[in-house]
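Just so you know, the sequences run in chain order V and R.
Numbering follows the working numbering, with no gaps: position 175 of the first sequence is 175.
Numbering follows the working numbering, with no gaps: position 397 of the second sequence is 692.
No residue lacks a Cβ here, since even glycine has one placed at the ideal position from N, Cα and C.
Structure record follows, encoded as structure tokens.
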Amino acid sequence: MSRAPASESRRPADHGAASRTAHLVGGTARRALPRLLVLVLALCAWQLAARAHGSVYFPTPARIARHAYDLWFSGPVGHVFLTPPAVDTILPSLGRMSAGFVLAAVAGVGLGMLVGRSPRAYALCDPVLQFARAVPPPTLVPVFVVVFDFGTPMQLASIVFSAVWPVLINTAEGARDTDPLRLDVAAVLRLTAVERLWFLLLPSALPRIFAGLRLSLSLCLILMVFSELLPGTANGIGFALTDAQSRSDLLTVWAVLVLLGALGYLLNTGLLAVEKRLTGSRTRTHEGSRKGRTT
Amino acid sequence: MNRRQELTLGALGVLLALGACEAVGRAGLVRRSYLPPASEVLARAVELAGDRTFLDDVSVTLRAWALGLGIACAIAIPLGLLLGSVPVVDDAVRAVIEFLRPLPSVALIPLVSLLLGSGTETEVALIAYASIWPILFSTVYGLGETDPLAKDTLRTFGFGRLSILLRVELPATAPFIAVGLRISAATALVLATATELLSGFGQGLGIFIAQAQLATDGTRDVLAGVVWAGVLGLVINGVLVWGERRAFPWRAGVRGAVGAARGKSRAAGAGAPGDPGARRGFGRGGARRDDRVAARQGDSGGAAPTGSAAGTQGGPTGSGRDEPGPAGSGQDELGPVPPDGAAGRPPERGDEAAHGGVSNGCAVRPRGGLSDFGPVDPGPVPPDGAAGRPPERGDEAADSGASP
Numbered sequence: 001m002s003r004a005p006a007s008e009s010r011r012p013a014d015h016g017a018a019s020r021t022a023h024l025v026g027g028t029a030r031r032a033l034p035r036l037l038v039l040v041l042a043l044c045a046w047q048l049a050a051r052a053h054g055s056v057y058f059p060t061p062a063r064i065a066r067h068a069y070d071l072w073f074s075g076p077v078g079h080v081f082l083t084p085p086a087v088d089t090i091l092p093s094l095g096r097m098s099a100g101f102v103l104a105a106v107a108g109v110g111l112g113m114l115v116g117r118s119p120r121a122y123a124l125c126d127p128v129l130q131f132a133r134a135v136p137p138p139t140l141v142p143v144f145v146v147v148f149d150f151g152t153p154m155q156l157a158s159i160v161f162s163a164v165w166p167v168l169i170n171t172a173e174g175a176r177d178t179d180p181l182r183l184d185v186a187a188v189l190r191l192t193a194v195e196r197l198w199f200l201l202l203p204s205a206l207p208r209i210f211a212g213l214r215l216s217l218s219l220c221l222i223l224m225v226f227s228e229l230l231p232g233t234a235n236g237i238g239f240a241l242t243d244a245q246s247r248s249d250l251l252t253v254w255a256v257l258v259l260l261g262a263l264g265y266l267l268n269t270g271l272l273a274v275e276k277r278l279t280g281s282r283t284r285t286h287e288g289s290r291k292g293r294t295t
Numbered sequence: 296m297n298r299r300q301e302l303t304l305g306a307l308g309v310l311l312a313l314g315a316c317e318a319v320g321r322a323g324l325v326r327r328s329y330l331p332p333a334s335e336v337l338a339r340a341v342e343l344a345g346d347r348t349f350l351d352d353v354s355v356t357l358r359a360w361a362l363g364l365g366i367a368c369a370i371a372i373p374l375g376l377l378l379g380s381v382p383v384v385d386d387a388v389r390a391v392i393e394f395l396r397p398l399p400s401v402a403l404i405p406l407v408s409l410l411l412g413s414g415t416e417t418e419v420a421l422i423a424y425a426s427i428w429p430i431l432f433s434t435v436y437g438l439g440e441t442d443p444l445a446k447d448t449l450r451t452f453g454f455g456r457l458s459i460l461l462r463v464e465l466p467a468t469a470p471f472i473a474v475g476l477r478i479s480a481a482t483a484l485v486l487a488t489a490t491e492l493l494s495g496f497g498q499g500l501g502i503f504i505a506q507a508q509l510a511t512d513g514t515r516d517v518l519a520g521v522v523w524a525g526v527l528g529l530v531i532n533g534v535l536v537w538g539e540r541r542a543f544p545w546r547a548g549v550r551g552a553v554g555a556a557r558g559k560s561r562a563a564g565a566g567a568p569g570d571p572g573a574r575r576g577f578g579r580g581g582a583r584r585d586d587r588v589a590a591r592q593g594d595s596g597g598a599a600p601t602g603s604a605a606g607t608q609g610g611p612t613g614s615g616r617d618e619p620g621p622a623g624s625g626q627d628e629l630g631p632v633p634p635d636g637a638a639g640r641p642p643e644r645g646d647e648a649a650h651g652g653v654s655n656g657c658a659v660r661p662r663g664g665l666s667d668f669g670p671v672d673p674g675p676v677p678p679d680g681a682a683g684r685p686p687e688r689g690d691e692a693a694d695s696g697a698s699p
């Protein structure tokens, strides 16, 4: 795609860009501190309010953190500080989720490329894809329960089946939007189908693919938890959650929530880092202009 | 390929998919009671449409959905306006939000049902919680995308902060809010069904599915319920897209431009790849011709508001047309944020929106705000813009801001 004209159109703003960048570097540091401060303040307020109120339902953050530590992270050094319950709870969930995510990503990108390359194939599949995307994924879980019975295959199937659509549709759209001029160049250079896919189609669809992957990741997380919340599962984070709920053990419920929040945050950040690495300059431009906007 | 061919192929695709399901069901790969053939499921789905109790279930789910979404709007839009217009508050609250957002909302079901019991309150609360994020983030993003020229102009005329917010920023942000709302609507449906599936008693579409699952030979009913859930999702999405197009016609123009880009690409691919003049000509002609198609394509994703706005400016004149790359790519990212993906905390990257338009670092702003000045036709770019200079509104604003 023609990135050059865009940079030309940006040129008039360039005189301001340098000073803006300088301002940004100082700006991010200056802004990070108050944000952390506010977070700490919020935690303190929660701590004080919870202690003053003394409700069973809202334990203090300190107790939650302590409980999470005792529960999962006080293990021996040899096990990276993980306790046996952590190994039984967190690892199976993460394993299922990453397996589901990878499967969905591979299937989605592969099929998406196939569908997106040909206008006919796209027209053929579009209505079915739209419908598949519109079905709320949790409703399909009972179907998988019947077909696969409880256990890892069922959970994996639900994760893959709901996470594959965003990747598939976004990849297909991305492949469809490949600059025809570049396709012509590829034809002139007599690139083989594989070369064309690797050097032209994939790179140009990459931003779209990552937009799909981000959506898929959050769906994976949701479906992972949901499929474990159902009665009949034996391990996993969701199971820990329902188990604690049935014992009215609110401290554990809160600890699990914090754990899930942290996991979600880490996974998201990780995916963003990968995206930034792979798509490079483009993302940086976005970041730059976004920050420029907020300052 | 014209629209009719597309429709025919689409219908063919649906038939093929149904046929495949039917074949799998009848071939005996899995037990018949596990996976009934498509014809039986569809027949059951049609039958359910006349079933009183099932319709009651659906209406209960829809009521919870609407209530939760309404509450989310009532919280998220004012909060978004506040965050977007007062940087100090934004800084302060942002950190807290960043830590709340990645939490998968489904995980809150056990906690909230301990707190509120397993009734409608739980469902509504969860829906509201999950739906807040997309709306909130697109509101904040949309505010940042408001045309600074319009704001400066009003300021020059002596309007206060609040009236600028109401007269310029809110109308300009409305399309972004609408996109957030559409994403939220899908999320809300996911949460509604998920909560109902887990609670297992009472009324609702999810509860219908959960109970059908327990019955012997119930997969047919489960699948029929899933079909209706999918139809519900499609209808909601369709209605919202239609509403967006009615309410924000200037965005439809944008889509036209996006379509023009595509039309151009096709034309170029078919005919004269090298000749920019020819391509531009095609692009211009394509703008109107492809409008419908483009609108449809835009819908399929959840068109990027930014992309749209870009179109408004570049499209008809062809002046900004030469950079389908950045504009297009920006649109892409936001573009097809499929509503279901929204399921998660999609908006999550509500900043996705943020990524969207900013990519070309300029111009892409909805021009709704200007409408207060009288009939500004969003279609054709005003003469100065048409001068062939790529639309750098930021600059323009800066210039005019300096010397009003």
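Quiz prompt | Alpha-carbon to alpha-carbon, residue 329 of chain R and residue 319 of chain R | solution = For the purposes of this step, residue 319 of chain R is taken as residue 24 along the second sequence, with counting starting at 1. For the purposes of this step, residue 329 of chain R is taken as residue 34 along the second sequence, with counting starting at 1. Straight through space, the alpha carbons of residue 329 of chain R and residue 319 of chain R are spaced by roughly 11 Å.
Self-check item: Neighbourhood of residue 333 of chain R by C-beta distance below 6 Å, restricted to the same chain and skipping five residues each side
Solution: Locating residue 333 of chain R in the second sequence gives position 38, counting from the first residue. The answer, listed in chain order, is 313, 316 and 317.
Quiz item: Quick one, which residues of the segment 33-52 of chain V are near chain R if we go by CB-CB under 8 Å, in chain order?
Solution: The segment 33-52 of chain V vs chain R, Cβ under 8 Å: 34, 35, 36, 38, 39 and 42.
Quiz item: Between which two residues does the alpha helix (DSSP H) harbouring residue 532 of chain R extend?
Solution: Taking the second sequence and counting its residues from 1, the one referred to as residue 532 of chain R is at position 237. Element bounds for residue 532 of chain R: 514-542.
Quiz item: Which residues, in order along the segment 118-138 of chain V, keep a beta-carbon less than 8 Å from a beta-carbon of chain R?
Solution: For the segment 118-138 of chain V, which is checked against every Cβ of chain R, the residues closer than 8 Å are 119, 120, 123, 124, 125, 126, 127, 128, 130, 131, 132, 133, 134, 135, 136, 137 and 138.
Quiz item: Are the Cβ atoms of residue 166 of chain V and residue 212 of chain V separated by less than 8 Å?
Solution: The residue given as residue 166 of chain V occupies position 166 in the first sequence. The residue given as residue 212 of chain V occupies position 212 in the first sequence. By the CB criterion at 8 Å, residue 166 of chain V and residue 212 of chain V fall inside the cutoff.
Practice problem: Could you tell me the distance, in whole angstroms, from the CA atom of residue 374 of chain R to the CA atom of residue 49 of chain V? | Solution: Counting from one through the second sequence, the residue named residue 374 of chain R turns up at place 79. Counting from one through the first sequence, the residue named residue 49 of chain V turns up at place 49. The alpha-carbon atoms of residue 374 of chain R and residue 49 of chain V are separated by roughly 23 Å.
Quiz item: residue 70 of chain V by DSSP, collapsed to three states: which one?
Solution: Position 70 of the first sequence holds residue 70 of chain V. DSSP places residue 70 of chain V in helix when its eight states are reduced to three.
Exercise. Identify whether residue 302 of chain R lies in helix, strand or coil by the three-state DSSP scheme.
Key: To locate residue 302 of chain R, count along the second sequence from 1; it is residue 7. Note: residue 302 of chain R maps to helix in three-state DSSP.
Self-check item: Where residue 88 of chain V sits in the DSSP three-state scheme
Solution: One-based indexing of the first sequence puts residue 88 of chain V at position 88. Judged by DSSP in its simplified three-state form, residue 88 of chain V adopts helix.
Self-check item: Buried/exposed call for residue 170 of chain V, threshold 16 Cβ in 10 Å
Solution: One-based indexing of the first sequence puts residue 170 of chain V at position 170. Buried: at least 16 other Cβ atoms inside 10 Å.
Exercise. Could you check what DSSP says for residue 280 of chain V in three-state terms: helix, strand or coil?
Key: Taking the first sequence and counting its residues from 1, the one referred to as residue 280 of chain V is at position 280. Look at residue 280 of chain V here: in three-state DSSP terms it is coil, with no helix or strand label.
Quiz item: Out of R:545, R:542 and R:305, which has the shortest C-alpha to C-alpha gap to residue 126 of chain V?
Solution: For the purposes of this step, residue 126 of chain V is taken as residue 126 along the first sequence, with counting starting at 1. For the options R:545, R:542 and R:305, the alpha carbon positioned closest to that of residue 126 of chain V is the one of R:305.
Quiz item: Given that a residue counts as buried once 16 or more other Cβ atoms are within 10 Å of its Cβ, and exposed if not, what is residue 57 of chain V?
Solution: For the purposes of this step, residue 57 of chain V is taken as residue 57 along the first sequence, with counting starting at 1. Exposed: under 16 other Cβ atoms inside 10 Å.
Self-check item: Nearest neighbour of residue 346 of chain R, chosen from R:361, R:434, R:516 and R:497 [CA to CA]
Solution: As a first step, residue 346 of chain R is located in the second sequence; it is residue number 51 there, counting from the start. Taking only the C-alpha atoms, the option nearest residue 346 of chain R is R:516.
Quiz prompt | Extent of the continuous alpha helix (DSSP H) run through residue 428 of chain R | solution = The residue given as residue 428 of chain R occupies position 133 in the second sequence. That run of the alpha helix (DSSP H) goes 415-439.
Practice problem: Alpha carbon to alpha carbon, how far is residue 307 of chain R from residue 93 of chain V? Give it in angstroms, no decimals. | Solution: Within the first sequence, numbered from 1, the residue matching residue 93 of chain V stands at position 93. Within the second sequence, numbered from 1, the residue matching residue 307 of chain R stands at position 12. Taking the straight line joining both Cα atoms gives about 40 Å.
Quiz item: Which same chain residues, not among the five before or five after residue 60 of chain V, have their C-beta less than 6 Å away from its C-beta?
Solution: Taking the first residue of the first sequence as position 1, residue 60 of chain V is located at position 60. Only 47, 50 and 51 meet the Cβ criterion.
Quiz prompt | Nearest residue (CA-CA) to residue 369 of chain V, options V:259, V:255, V:110 and V:53 | solution = With chain V represented from 1 up to 295, any question about residue 369 of chain V goes unanswered, as that position is not in the structure.
Practice problem: Look up residue 667 of chain R in the DSSP assignment and say whether it is helix, strand or coil. | Solution: Against the second sequence, residue 667 of chain R aligns to sequence position 372. Its pLDDT being 38, under 50, residue 667 of chain R is placed unreliably by the model, and nothing is read from it.
Quiz item: List, in order along the chain, the chain R residues whose C-beta lies closer than 7 Å to that of residue 164 of chain V?
Solution: Along the first sequence, one-based indexing puts residue 164 of chain V at 164. Per Cβ cutoff of 7 Å: no residues; residue 164 of chain V is ~11 Å from chain R at best.
Quiz item: Beta-carbon separation of residue 163 of chain V and residue 104 of chain V under 8 Å?
Solution: Taking the first residue of the first sequence as 1, we reach residue 163 of chain V at position 163. Taking the first residue of the first sequence as 1, we reach residue 104 of chain V at position 104. Going by C-beta atoms, residue 163 of chain V is nearer than 8 Å to residue 104 of chain V.
Self-check item: Any 3 or more C-beta pairs closer than 8 Å across the segment 464-472 of chain R and the segment 423-440 of chain R
Solution: The count of Cβ pairs closer than 8 Å, one atom from the segment 464-472 of chain R and one from the segment 423-440 of chain R, reaches three, so the stretches are in contact.
Self-check item: Beta carbon proximity, residue 319 of chain R to chain V, threshold 8 Å
Solution: Here residue 319 of chain R refers to the residue found at position 24 of the second sequence. Residue 319 of chain R does not count as touching chain V.
Practice problem: Would you grab the beta carbon distance between residue 489 of chain R and residue 401 of chain R for me? Rounded to a whole angstrom, and I think it's under 8 Å. | Solution: For the purposes of this step, residue 489 of chain R is identified with residue 194 of the second sequence, where counting begins at 1. For the purposes of this step, residue 401 of chain R is identified with residue 106 of the second sequence, where counting begins at 1. That pair is a contact at about 5 Å.
Quiz prompt | residue 98 of chain V at chain R interface by Cβ criterion, 8 Å | solution = Walking along the first sequence from the start, residue 98 of chain V turns up at place 98. No, its Cβ sits nowhere closer than 8 Å to a Cβ of chain R.
Self-check item: chain R residues whose Cβ lies nearer than 7 Å to that of residue 226 of chain V
Solution: Against the first sequence, residue 226 of chain V aligns to sequence position 226. Under the 7 Å cutoff, chain R gives 401 and 489.
Quiz item: What do you reckon, are the CB atoms on residue 207 of chain V and residue 484 of chain R nearer than 8 Å?
Solution: The residue you call residue 207 of chain V lines up with position 207 of the first sequence. The residue you call residue 484 of chain R lines up with position 189 of the second sequence. In this structure, residue 484 of chain R does not lie closer than 8 Å to residue 207 of chain V by Cβ.
Exercise. Taking residue 170 of chain V as part of the alpha helix (DSSP H), name the residues at either end of that continuous run.
Key: In the first sequence, residue 170 of chain V corresponds to position 170, counting from 1. Element bounds for residue 170 of chain V: 152-176.
Quiz item: Is there contact between the segment 417-424 of chain R and the segment 354-374 of chain R, where contact requires at least three CB pairs shorter than 8 Å?
Solution: At 8 Å Cβ cutoff, the stretches touch.
Self-check item: Distance between beta carbons of residue 89 of chain V and residue 237 of chain V, contact taken as under 8 Å
Solution: As a first step, residue 237 of chain V is located in the first sequence; it is residue number 237 there, counting from the start. As a first step, residue 89 of chain V is located in the first sequence; it is residue number 89 there, counting from the start. At roughly 6 Å, the Cβ-Cβ gap stays under 8 Å, so residue 237 of chain V and residue 89 of chain V are in contact.
Exercise. Report buried or exposed for residue 245 of chain V, applying the criterion of at least 16 other Cβ atoms within 10 angstroms of its Cβ.
Key: In the first sequence, the residue the question calls residue 245 of chain V occupies position 245. By the 10 Å Cβ count, residue 245 of chain V comes out buried.
Quiz item: Do you know how far the Cα of residue 301 of chain R is from the Cα of residue 120 of chain V?
Solution: As a working note, residue 120 of chain V is residue 120 in the first sequence. As a working note, residue 301 of chain R is residue 6 in the second sequence. Each residue's alpha carbon lies about 8 Å from the other.
Quiz prompt | Proximity winner among V:91, V:42, V:38 and V:40, relative to residue 239 of chain V (alpha-carbon distances) | solution = Counting from 1 along the first sequence, the entry for residue 239 of chain V is found at position 239. Check the Cα spacing between residue 239 of chain V and each of V:91, V:42, V:38 and V:40: the tightest is with V:91.
Exercise. Please classify residue 297 of chain R: is it buried, with 16 or more other beta-carbons within 10 angstroms of its beta-carbon, or exposed?
Key: The residue labelled residue 297 of chain R in the question sits at position 2 within the second sequence. With fewer than 16 Cβ atoms within 10 Å of its Cβ, residue 297 of chain R is classed as exposed.
Exercise. Pull out every residue of the segment 139-162 of chain V whose Cβ sits closer than 9 Å to any Cβ of chain R, in chain order.
Key: Those residues of the segment 139-162 of chain V placed with their C-beta closer than 9 Å to a C-beta in chain R are 139, 140, 141, 142, 143, 145, 146, 147 and 162, ordered along the chain.
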